[in-house]
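Protein chains: 2
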Amino acid sequence: MRYTLYDIQQMPRIPRLTLINAISGFKSANLVGTIGPDQTPNLAMFSSAVHIGSEPPLLGIITRPVDGALKTTRHTYQNIKSNGFFTLNHVQEDILKSAHQTSAPYPDGVSEFDAVGLTPVYSELLPAPYVAESHIRIGLEYVEEYAIKANNTLLIIGKVIELIIPDDCVDAQGNLDLAYAGTVALSGLDTYYKVEMLERLGYARV
Amino acid sequence: MRYTLYDIQQMPRIPRLTLINAISGFKSANLVGTIGPDQTPNLAMFSSAVHIGSEPPLLGIITRPVDGALKTTRHTYQNIKSNGFFTLNHVQEDILKSAHQTSAPYPDGVSEFDAVGLTPVYSELLPAPYVAESHIRIGLEYVEEYAIKANNTLLIIGKVIELIIPDDCVDAQGNLDLAYAGTVALSGLDTYYKVEMLERLGYARV
Numbered sequence: 000m001r002y003t004l005y006d007i008q009q010m011p012r013i014p015r016l017t018l019i020n021a022i023s024g025f026k027s028a029n030l031v032g033t034i035g036p037d038q039t040p041n042l043a044m045f046s047s048a049v050h051i052g053s054e055p056p057l058l059g060i061i062t063r064p065v066d067g068a069l070k071t072t073r074h075t076y077q078n079i080k081s082n083g084f085f086t087l088n089h090v091q092e093d094i095l096k097s098a099h100q101t102s103a104p105y106p107d108g109v110s111e112f113d114a115v116g117l118t119p120v121y122s123e124l125l126p127a128p129y130v131a132e133s134h135i136r137i138g139l140e141y142v143e144e145y146a147i148k149a150n151n152t153l154l155i156i157g158k159v160i161e162l163i164i165p166d167d168c169v170d171a172q173g174n175l176d177l178a179y180a181g182t183v184a185l186s187g188l189d190t191y192y193k194v195e196m197l198e199r200l201g202y203a204r205v
Numbered sequence: 000m001r002y003t004l005y006d007i008q009q010m011p012r013i014p015r016l017t018l019i020n021a022i023s024g025f026k027s028a029n030l031v032g033t034i035g036p037d038q039t040p041n042l043a044m045f046s047s048a049v050h051i052g053s054e055p056p057l058l059g060i061i062t063r064p065v066d067g068a069l070k071t072t073r074h075t076y077q078n079i080k081s082n083g084f085f086t087l088n089h090v091q092e093d094i095l096k097s098a099h100q101t102s103a104p105y106p107d108g109v110s111e112f113d114a115v116g117l118t119p120v121y122s123e124l125l126p127a128p129y130v131a132e133s134h135i136r137i138g139l140e141y142v143e144e145y146a147i148k149a150n151n152t153l154l155i156i157g158k159v160i161e162l163i164i165p166d167d168c169v170d171a172q173g174n175l176d177l178a179y180a181g182t183v184a185l186s187g188l189d190t191y192y193k194v195e196m197l198e199r200l201g202y203a204r205v
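Chains A and B are the protein sequences, given in the same order. Each step along the first sequence adds one to the number in numbering that gives the first Met the number 0, with nothing skipped, and position 131 is 130. Each step along the second sequence adds one to the number in numbering that gives the first Met the number 0, with nothing skipped, and position 130 is 129.
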């Protein structure tokens, strides 16, 4: 199939969303944990985590601004802005359905943790909840944001201030074994994959 | 293992790079095709492709600015700025080693296509090369860029103007079967995975 921009624009909304969300290739599936001004822990699935840099350690997520967002992601943004911290929590097969279910539009005041049966857990380093069931957890401090004019979205950048990884998933060279950790990969909006390592290729030389 | 920001900052550079590049979860592996002012086709591996939106269809990539970048990614940015177009090309297992090898620092004037044995192919819609061997190919027009202050990187945003997908990898609902297309997933800087579909979960309802 060949699609021009015109063809894409002529597609019905749901197939277009479904297709365009998948074209960049495999994505991460991260549960983003935040806490509201009323102390309600919030949890939302994000597929847009992107590595920004390692010195300092920075990650970004793309979200919609407050007025156009799904309720869960809207709360995520409001909470990050109001308290300055958020967590990213990897998703394994054993919590996949619960994790995906956090994207349902639960009413205000309902914590997605309670609604889907995941457990908030806190570190002394930041006031945002981690997911106890997640094997790999990242604690972040809000750094800055960029308003993307092209479609009114936001790039939110956070600095890694804590990283929790099972001992047997990382070696002294910093190699993190995501397959052993059970982390799933995501395609599009809702299709999850398990992975098998093909090869570590090392630094490419001429 | 638990790492604080201090622990991360105390790590030697290579293990820190290796670890932080892997913590966000699985990433896409895309060959970015551009063409220079001297008509040399350039190809570079990027793991930072991120979905920005589907109406209009927008993708982003993160890169270093001209002064701090690897040679291949520096050329990518210069070429995008000078001619306004770029392509993203998925990587399958059959071209994995060639694709990864594009990240070696080839001299100016050497096309990574020639150096690694991949084939540039052009569409009439844009003057940037696709990779003939890639099953899924995306043609993009440069839209805008954001300079990220926190670490002097750039978010480059492109609009999808062409999309080429094997007929049997996409259905009428827009579902794209990346496993069937052979697209690999990436972890960190150099570790590639093949995938197996677990489940399509659909839209989450309360």
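Glycine included, C-beta positions come from ideal geometry on N, C-alpha and C.
What three-state label does DSSP hand residue i in the structure shown?
i	result
Arg204/A	coil
Leu188/A	coil
His50/A	strand
Glu111/A	helix
Asn82/A	helix
Leu117/B	coil
His99/A	helix
Gln38/B	coil
Ile94/A	helix
Arg199/B	strand
Tyr76/B	helix
Arg12/A	helix
Tyr255/B	The shown model of chain B, from 0 to 205, leaves out residue 255/B, and the question about it has no answer.
Leu58/A	strand
Leu124/B	coil
Let me check understanding here. Comparing Cα to Cα, which of the options lies closest to residue i?
i	options	result
Val183/B	Ile13/B, Ser27/B and Met10/B	Ser27/B
Leu58/B	Leu16/B, Val159/B, His134/B and Asn82/B	Val159/B
Asn174/A	Ala180/B, Gly157/B and Met10/B	Met10/B
Ile135/B	Ala146/B, Val31/B, Ile22/B and Pro36/B	Val31/B
Met44/A	Leu125/A, Glu111/A, Asp176/A and Ile19/A	Glu111/A
Tyr179/B	Asp189/B, Met196/B and Thr17/B	Met196/B
Leu206/B	Ser186/B, Gly187/B and Pro165/B	One cannot answer for residue 206/B here, as it falls past the ends of chain B, which runs 0 to 205.
Ala98/B	Tyr2/B, Tyr191/B, Thr3/B and Glu54/B	Tyr191/B
Ser53/B	Ser23/A, Val109/A and Tyr141/A	Ser23/A
Ser133/B	Ile51/B, Val194/B and Gly181/B	Gly181/B
Val115/A	Leu95/A, Leu185/A, Asp170/A and Gln172/A	Leu95/A
Tyr129/B	Phe84/B, Asp167/B and Tyr141/B	Phe84/B
His74/B	Ile156/B, Asp189/B, Tyr105/B and Tyr2/B	Tyr105/B
Tyr76/A	Glu161/A, Gly201/A and Glu144/A	Glu144/A
Leu200/B	Glu140/A, Arg199/A and Gly187/A	Gly187/A
Ile156/B	Ala131/B, Tyr121/B, Thr86/B and Asp93/B	Thr86/B
Thr3/B	Glu161/A, Leu185/A and Glu198/A	Glu161/A
Asp206/B	Glu123/B, Asp107/B, Gln8/B and Ser46/B	Because chain B here runs from 0 to 205, residue 206/B falls outside it and cannot be looked at.
Quick one: does residue i have its CB under 7 Å from some CB of chain A?
i	result
His134/B	no
Arg73/B	no
Ile160/B	yes
Ile22/B	yes
Val120/B	no
Leu4/B	yes
Gly181/B	no
Val31/B	no
Would residue i pass as an interface residue toward chain B - the criterion being a Cβ-Cβ separation below 7 Å?
i	result
Tyr145/A	yes
Leu125/A	no
Asp189/A	yes
Val115/A	no
Val169/A	yes
Ile34/A	no
Ala98/A	no
Asn150/A	yes
Glu195/A	yes
Asn88/A	no
Asn41/A	no
Gln9/A	no
Phe25/A	yes
Tyr76/A	no
Ala131/A	no
Would residue i and residue j be called neighbours here (beta carbons separated by less than 7 Å)?
i	j	result
Val205/A	Ala103/B	yes
Pro36/B	Ser81/B	yes
Ala127/B	Ile34/B	yes
Asn88/A	Asn41/A	no
Val109/B	Val194/A	no
Leu125/A	Gly138/A	yes
Pro56/B	Ile19/A	yes
Gln100/A	Ala203/B	yes
Ala149/A	Val142/B	yes
Arg15/A	Thr152/A	no
To test your reading of the DSSP string, which unbroken beta strand (DSSP E) runs of 3 or more residues are found completely within the segment 126-197 of chain A? 136-147, 152-163 and 184-186
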